[in-house]
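A.B. asks: One structure, as structure tokens, below. Some questions next.
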Amino acid sequence: MRLSEALGVPLIAEIARDFHSRGRALGPDSSIETQLLMMLAQIAVESKLVHFVADRTVYDPIIHVDAVAAYNGTPRPDLALNCMANYLANGHGAKYSEVFVLIHADVHKQDSVRETDPRYVSLVHEKTLYWLKALNVQHVVVEGDMESQWTQARKLLGCDGK
């Protein structure tokens, strides 16, 4: 399974051609690393367009990369961790610190093409605290309506408090 298929986002042909011209294998022969790099390149292009789809942030492929890699039989959690570390360190969104605030109860895909997918929400819940712990984020603040959704995950990861 390719990352773009898992995300439901068709890859821009120019992005694929650019990677192919640099000697990267495409299609079923492409590595999960190549797929992630292509998706991140596409996000960079889309973010500069007038009709930018807001939910196609770097977080989207980060959430899926572990699942797709595992499906392909080559788990690479380091790729997702490195990507998330770079994302946080480069000042995208809130400033990177030891505190991470979770403020939304649900994750929605609001581009009229991909609807909210329960599997996606589940991946967010499964992976986010694991990544934050691996990145040495010391405190995760969870707003009230999310508290029950995260309690079990926090206990499993050994996170203290809210």
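Heads up, the sequence shown is in the working numbering, so the first residue is 865 and it goes up one at a time.
No residue lacks a Cβ here, since even glycine has one placed at the ideal position from N, Cα and C.
(1) Is the beta carbon of residue 884 sitting closer than 8 Å to the one on residue 875?
(2) Do you know how far the Cα of residue 878 is from the Cα of residue 893?
(3) Is residue 898 helix, strand or coil by DSSP?
(4) Residues in the same chain with beta-carbon distance under 6 Å from residue 888, minus the five sequence neighbours each way, listed in chain order, please.
(5) Whose CA, out of 886, 881, 882, 895, lies closest to the CA of residue 937?
(6) Tell me whether residue 881 sits in a helix, a strand or coil according to DSSP, three-state version.
(7) Take residue 902 and list the residues in its own chain whose beta-carbon comes closer than 7 Å to its own, dropping the five residues that flank it on each side.
(8) Helix, strand or coil, according to DSSP, for residue 890 in the structure here?
C.D. replies: Working from what's here:
(1) As a first step, residue 884 must be located in the sequence shown, where it is residue number 20. As a first step, residue 875 must be located in the sequence shown, where it is residue number 11. Not closer than 8 Å, so no.
(2) Stepping through the sequence shown from its first residue, residue 893 is reached at position 29. Stepping through the sequence shown from its first residue, residue 878 is reached at position 14. Cα-Cα distance, rounded: 18 Å.
(3) The residue given as residue 898 occupies position 34 in the sequence shown. Helix.
(4) Here residue 888 is taken as the residue at index 24 of the sequence shown, counted from 1. The residues are 898.
(5) What you label residue 937 is simply residue 73 of the sequence shown in a count that begins at 1. Among 886, 881, 882, 895, the Cα nearest to that of residue 937 is on 895.
(6) Reading the sequence shown from its first residue, position 17 is the one you call residue 881. In the structure shown, residue 881 sits in a helix (DSSP, three-state: H, G or I).
(7) Working through the sequence shown from its first residue, we reach residue 902 at position 38. The residues are 875, 879, 880, 883.
(8) For the purposes of this step, residue 890 is identified with residue 26 of the sequence shown, where counting begins at 1. DSSP places residue 890 in coil when its eight states are reduced to three.
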